[in-house]
Amino acid sequence: MKITQISIFLENKSGRLCEVAELLGKNNINIRALTIADAKDFGVLRIVVDKPKEAVDILKKNKMVATLTDIVVTEVGDQPGGLASVLRLLEDNKVNVEYMYGFVEKFSDKALMVFRFDNPDEAIKLLQKNKFKVIKKEEIKSL
Amino acid sequence: MIWNEKVECMNLEDLKNLQSERFQKLVNYANEHSQFYRSKFLNAGIHIKDIRTISDIQKLPLTTKDELREQYPFGLKATSLDRILETHVTSGTTGNPVAMGYTKADLDLWAEVVARALCCAGAIPGNMIQIAYGYGLFTGGLGLHYGALKMGLTIIPCSSGQTKRQLKLMRDFKPQILACTPSYALYMVEGALEEKIDPAQSSWKIGIFGAEPWSEAMRTQIEKIWAMEATDIYGLCEIIGPGVAQECHHKKGLHLFSDVFYPEVLNPETNKPVGDGESGVLVLTTLTKEGMPLIRYVTRDIVTMTNQRCPCGRTSPRISKIKGRTDDMIIVRGINVFPSQIEHILLNIEETHPHYQIIVDREARGLDKLEVMVEIKEEFFSDEIKKLSSIQERIEKRIESNLGISAKVRLVEPQTIARSEGKAKRVIDKRQL
Chain D
1 MKITQISIFL
11 ENKSGRLCEV
21 AELLGKNNIN
31 IRALTIADAK
41 DFGVLRIVVD
51 KPKEAVDILK
61 KNKMVATLTD
71 IVVTEVGDQP
81 GGLASVLRLL
91 EDNKVNVEYM
101 YGFVEKFSDK
111 ALMVFRFDNP
121 DEAIKLLQKN
131 KFKVIKKEEI
141 KSL
Chain U
1 MIWNEKVECM
11 NLEDLKNLQS
21 ERFQKLVNYA
31 NEHSQFYRSK
41 FLNAGIHIKD
51 IRTISDIQKL
61 PLTTKDELRE
71 QYPFGLKATS
81 LDRILETHVT
91 SGTTGNPVAM
101 GYTKADLDLW
111 AEVVARALCC
121 AGAIPGNMIQ
131 IAYGYGLFTG
141 GLGLHYGALK
151 MGLTIIPCSS
161 GQTKRQLKLM
171 RDFKPQILAC
181 TPSYALYMVE
191 GALEEKIDPA
201 QSSWKIGIFG
211 AEPWSEAMRT
221 QIEKIWAMEA
231 TDIYGLCEII
241 GPGVAQECHH
251 KKGLHLFSDV
261 FYPEVLNPET
271 NKPVGDGESG
281 VLVLTTLTKE
291 GMPLIRYVTR
301 DIVTMTNQRC
311 PCGRTSPRIS
321 KIKGRTDDMI
331 IVRGINVFPS
341 QIEHILLNIE
351 ETHPHYQIIV
361 DREARGLDKL
371 EVMVEIKEEF
381 FSDEIKKLSS
391 IQERIEKRIE
401 SNLGISAKVR
411 LVEPQTIARS
421 EGKAKRVIDK
431 RQL
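Following this line, the structure appears as structure tokens:
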């Protein structure tokens, strides 16, 4: 199952990231995973939140540039070689990864990897067929 | 030394008579040979017979840069095309550039005024000059070249760029004079240090710097580092190129060669003359040009002018360094940049709004840098950095190919560039000029 990620354009100016975080906090939106991709003078903040639709509405209302992207979250073992096993599978099957980032679940021995694929549906099928757990939307909220 | 002592030190009454005589001739010549001026005079209800002395100049209409653009390429010519021996073209805006044509007599005039400027800066025949202004459509390189030939200098026609080679030639040939933009003079300091050359030991003793505005602070810096006299030269392609005015070693304003280029300083709002020492827009009339004479051309450069006599003996009026512009043109690394050029480029890039701001700054090492802040359109926001970077690069490439100058493009969020009522503040010039 695909998960919705929010990407936010960030100008490289002081306090901008803090503003975004405060805005989401004030509106009771919980950030579950986060990464920042930065170019020379701007960045893209990518977040997975419990209420993506609401979050985007709030961001846009506050004149921020935000967009929704489908991503896939899968569990990997939180141990040496855990990440390699899933990457090997993707590599062998020539699945292109646009970008990825990881986070660790609080109450489990697994780590979570966020993947942005060209073709998320096929990637999900491949992962599931190979016994990787793909996280569902509902699970994001309860993580 | 003074190149043409007879006219450069002429008493003011004789100078005025000479100007009047040339002016009357010019008006008749333009009326007879220039279709542009004939219809301009007709439309303004001018009777040529009423124009007798230089004081009558105020009765004539002004000529603007927009008119020159409309007349591109040779609509302003006052002679047959086969008598035009050379042409120069300004870096244009989005529409047409301005093209100027020089007859043999115009080229002789150009060499004469540049020879005067070189002497005014302190050159003497037999000196060697390194010309590091660009050669080509830009008037800087060739203008200095013709003047240096005329007054008998040994020329190293380097053109601009290739700092290492410039420094090598300076070290090997030992020229006394350097002609380039002031920012390039500062830029070369870094190159010298890299080459383990002590700038204070350079052979250059006189600098002839122009084509862009520069400050007294910059002069002090250049003079100290290179141990040379840094003088300011003024000119513009429409009038002739470099050689309209030049500082002498007193550095108290630029001597304007008013026997051939008649200056007026007008209030830009009312177009009425301002008083001695008050600032206004410089308006120039080419008293003796044949190819494309200009009458009351509005330069858009803001200056003050004084008629007080300079201790050097020259009687010509002196203008201040350029204090600003009446339009929003900026000069970056010697190249004229109009915000409308940037706007035009952005209008053709669908991913961005034509909301932009241009920031000009001068790096510590002396070169001007241009930064363009551009608002990205929400629908084109991608969460992939490479797509955003490619928009940036595309704009940078177009600016470079259209304007001939490199700029750094910075994408910003929509609605972040201030919109003001009326005229938007498109340019932030942080240079301390």
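Sequence order for the protein chains is D and U. Sequential numbering from 1 applies to the first sequence in this note's numbering. Sequential numbering from 1 applies to the second sequence in this note's numbering. For glycine and all other residues, C-beta sits at the position ideal for the given N, C-alpha and C. Quick caveat: nothing in here was measured; it's all calculated off a predicted structure.
- Classified as buried, PRO52 (chain D) has 16 or more neighbouring CB atoms from the shown chains inside 10 Å of its CB.
- Straight-line measurement puts the Cα of THR90 (chain U) at about 16 Å from the Cα of LYS77 (chain U).
- The Cβ-Cβ distance between GLU86 (chain U) and TYR102 (chain U) falls below 8 Å.
- Under DSSP, GLY140 (chain U) takes part in no beta bridge, so it has no partner.
- Residues of chain D whose Cβ lies closer than 7 Å to the Cβ of PHE381 (chain U) are, in chain order, PHE9, VAL65 and THR67.
- Look at THR220 (chain U) here: in three-state DSSP terms it is helix.
- Where SER20 (chain U) is concerned, the enclosing alpha helix (DSSP H) starts and stops at 12-33.
- Counting only residues of its own chain and dropping the five nearest sequence neighbours on each side, ASN96 (chain U) has a CB closer than 7 Å to the CB of ARG69 and TYR72.
- PHE117 (chain D) has a beta carbon lying at 8 Å or more from every beta carbon in chain U.
- Counting the other CB atoms within 10 Å of its CB gives ARG116 (chain D) a total of 16 or more, which places it among the buried residues.
- Under a 10 Å Cβ-count criterion, HIS47 (chain U) is classified as exposed, with fewer than 16 other Cβ atoms of the shown protein chains found around its own Cβ.
- A residue is called buried once 16 or more other Cβ atoms fall within 10 Å of its Cβ, and PHE173 (chain U), having fewer, is exposed.
- For ARG46 (chain D), the closest of U:ARG398, U:ARG410, U:LYS430 and U:PHE381 by C-alpha to C-alpha distance is U:PHE381.
- DSSP places LEU186 (chain U) inside the alpha helix (DSSP H), whose first and last residues are 182-194.
- Looking from the CA of GLY324 (chain U), the closest CA among U:GLN308, U:GLN341, U:GLU343 and U:THR299 belongs to U:THR299.
- Using a Cβ distance threshold of 8 Å, VAL283 (chain U) and GLU264 (chain U) count as a contacting pair.
- For the pair GLN221 (chain U) and LEU186 (chain U), the CB atoms are nearer than the 8 Å cut-off.
- It is roughly 6 Å from the alpha-carbon of GLY134 (chain U) to the alpha-carbon of GLY140 (chain U).
- Rounded to the nearest whole angstrom, the C-alpha separation of GLU278 (chain U) and TYR234 (chain U) is 19 Å.
- Between the C-alpha atoms of GLU229 (chain U) and GLY207 (chain U) there is a straight-line separation of about 6 Å.
- Among the CB atoms of chain U, one or more fall inside 8 Å of the CB of PHE42 (chain D).
- One alpha carbon belongs to PHE257 (chain U), the other to VAL244 (chain U), and they sit about 6 Å apart.
- A residue is called buried when at least 16 other Cβ atoms come within 10 angstroms of its Cβ; ALA44 (chain U) does not meet this threshold and is exposed.
- In the structure shown, PHE74 (chain U) adopts coil according to DSSP, grouped into three states.
- Straight-line spacing of the CA atoms in LEU83 (chain D) and ARG394 (chain U) works out to 37 Å.
- Look at the beta carbons and you see the region 333-353 of chain U touching the region 367-374 of chain U: at least three pairs across the two are nearer than 8 Å.
- Per DSSP, the unbroken alpha helix (DSSP H) holding HIS344 (chain U) starts and ends at 339-347.
- Under the DSSP definition of a beta bridge, PHE261 (chain U) partners with U:THR286.
- Taken in chain order, the members of the region 18-42 of chain D whose beta-carbon sits within less than 9 Å of a beta-carbon on chain U are ALA37, ASP38, ALA39, LYS40, ASP41 and PHE42.
- At a beta-carbon threshold of 8 Å, none of the residues of chain D lie near GLN58 (chain U); the nearest stands roughly 52 Å away.
- Under the rule that a run must span 3 or more residues, the beta strand (DSSP E) segments found entirely inside the region 331-409 of chain U read 335-337, 352-362 and 368-376.
- Look at ARG394 (chain U): its C-beta is not under 8 Å from any C-beta on chain D.
- The alpha-carbon of THR4 (chain D) is positioned some 12 Å away from that of GLU54 (chain D).
- Counting C-beta pairs with one atom in each stretch, the region 62-70 of chain D and the region 4-13 of chain D have three or more that are closer than 8 Å, which means they touch.
- Contact of GLN415 (chain U) with chain D by beta-carbon distance below 8 Å involves LYS63.
- Looking at the backbone, the Cα of CYS237 (chain U) and that of MET100 (chain U) are separated by about 7 Å.
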